[in-house]
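Each residue of the sequence shown is one higher than the last, beginning at 110 in the working numbering.
The beta carbon of each residue, even a glycine, is placed where N, CA and C say it ideally should be.
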Amino acid sequence: VVVSIIGLGFMGGSLGLALRRDAANTVVGHDPDPQADAAALERGCVDRTESTLAAACADAEVVVVCAPVAALPAVIDQALSAAPAGIVTDIGSTKEGIVASIDAAQRARFVGGHPVCGAEVRGASQARADLFDGATWLLTPTHDTDPARYATLHGLISRIGARPVAIAPAAHDRLVALTSHLPHAVANLLCSQAAQGRIDGHDPLAAVGGGFRDMTRVAGANPRIWVDIFLDNRVALAAALREHRRLLDDVVAALERGDAGYLARWIGDAAAARRSTLAAAFGDQASDLHRLALHLPDRPGVISGIAQAFGAAQINIEDLALEHFSPDRGGVLEVVVAGADAAQRALQLLDEQGYAAVATPLVSDEDAP
Ligand SMILES: NC(=O)c1ccc[n+]([C@@H]2O[C@H](COP(=O)([O-])OP(=O)(O)OC[C@H]3O[C@@H](n4cnc5c(N)ncnc54)[C@H](O)[C@@H]3O)[C@@H](O)[C@H]2O)c1
């Protein structure tokens, strides 16, 4: 397939690397910034670059627009004219506005897209060929979409290792508001609320623990990107926040009436929902995952020592997180392994390296309905 990538930054560059793993694809790129073109060529993200969008799209069967959100409508429009036979898609994080902006005569050849993966880095120099492996890639075909061209795009995305999932444009925006934009907004609120002032002389931010850090990992994400994303999806995000406020009011009311039954049901429902997110991430293994937690000194090589010992014992690390306290206090390492046997062997290996670890099931039986 001849693919044209317009915008050779981190995402466009990574897509080029992923496509070029298959010799059957030819990737032609264009970026208005000549340095971005040069970086993409140097990393092997493209077979060649062209100095104009028109030249880059001329022979394309598929055009993927990977420009910044604000530039998408104009660039998609140019790409549709420049690739008269091809299908055009984009990778922006909201879809309803973009799809609505497409000229009626061109709707058959445009399908909105949104790969649900990424990183907070910029430029093709950081590009990764495996970025899309196993990632969900949301696509927003409409009644107007040409089926044959859609099949070409769908096949291309599957073959680079991503999982295409079709969804209506408005539903897409509601879905990402709930699963991505709302958590970012709430993480920002948790941080700014804790930063509002001292409690009896104590700075709350100096007293936070692992729970707070887990909840706020995405707080303060790059404003260059996130102001645009919040504004772009403001209707769906505002609706999700209003629903959040309604649910908060219910919790406040339950606290005020001292309603233990409500609180227990509330926690139980949340536990069930969380179990299904683990099932989605880990499949059938979810009910058999064990979390090992241990205190770790801040020293080079400690993680590789543990990872290598597990590797030699054929214990697969399903997930790994490090919560860092400070250089002198070190941090807490959490490792997730599958199966009670593996957890026991892992505890023994850790013991041999002098770590006193504890293992707990990730999904406890007590939580089960
Ligand atoms: N980074 C992520 O995690 C992520 C995830 C999903 C979707 N996206 C979307 O991918 C797109 C690109 O993000 P990125 O992370 O690669 O950013 P980036 O800054 O690394 O790359 C953007 C590139 O677009 C180029 N560009 C600017 N104006 C352009 C125009 N008019 N025409 C063509 N190219 C233009 C820039 O020169 C730059 O090389 C954005 O729309 C973003 O919302 C990003």
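query = Is the beta carbon of P182 less than 8 Å from the beta carbon of S210?
reply = Cβ distance < 8 Å, so P182 and S210 count as in contact.
query = Taking C-beta to C-beta, are L265 and V111 nearer than 8 Å?
reply = Going by C-beta atoms, L265 is not nearer than 8 Å to V111.
request  = Under 8 Å by Cβ, that's how I've got V178 and I276 pegged, so tell me the actual separation to the nearest angstrom.
outcome  = With 8 Å as the limit, V178 and I276 do not qualify as a contact, their Cβ atoms being about 19 Å apart.
task = Could you check which residue in N297, W335, G122, L387 has the C-alpha nearest to that of F241?
result = Ranking the options by Cα distance to F241, first place goes to G122.
ask   = Buried or exposed: S113, going by 16 or more other Cβ atoms within 10 Å of its Cβ?
value = It is buried - the Cβ of S113 has at least 16 other Cβ atoms within 10 Å.
request  = Measure how close the beta-carbons of T251 and V208 come, nearest whole angstrom, since I'm counting them as under 8 Å.
outcome  = Right, their Cβ atoms sit about 7 Å apart.
Collapsed DSSP secondary structure at A430 in the structure displayed = Here A430 sits in strand by DSSP.
query = Applying the criterion that 16 or more other CB atoms from any shown protein chain within 10 Å of the CB defines a buried residue, is I308 buried or exposed?
reply = I308 is exposed by the Cβ-count criterion.
Contact set for R454: own chain, Cβ-Cβ below 7 Å, skip 5 residues either direction = Taken in chain order, the residues that qualify are A422, I424.
message = Considering just the uninterrupted stretch of the beta strand (DSSP E) at G440, what are its terminal residues?
response = Residue range 439-447 is occupied by the beta strand (DSSP E) that includes G440.
ask   = Excluding five sequence neighbours on each side, which residues of the same chain lie with their C-beta closer than 7 Å to the C-beta of F419?
value = Correct list, in chain order: I426, A455, L458.
key: CA nearest to the CA of V445, picked from A416, A451, G410, H399   = Taking only the C-alpha atoms, the option nearest V445 is H399.
Under 8 Å between C-beta atoms of A271 and A244 = Yes, the pair counts as a contact, with Cβ atoms nearer than the cut-off.
task = Express the C-alpha separation of A465 and R343 in angstroms, rounding to a whole number.
result = Here the alpha carbons of A465 and R343 stand approximately 48 Å from one another.
ask   = Tell me the DSSP bridge mates of F241?
value = Partner residues in a beta bridge of F241, as assigned by DSSP, do not exist.
key: Distance, G377 Cα to P478 Cα   = Confidence in P478 is poor, its pLDDT being 42 and thus under 50, which makes the residue's placement unreliable; the coordinate value appears in the next sentence. Cα to Cα, P478 sits roughly 8 Å from G377.
message = Once DSSP output is grouped into helix, strand and coil, what is the label at P478?
response = Bear in mind that the predicted position of P478 carries a pLDDT of just 42, short of 50, making it unreliable; the figure below should be weighed with that in mind. The DSSP-derived three-state label of P478 is coil.
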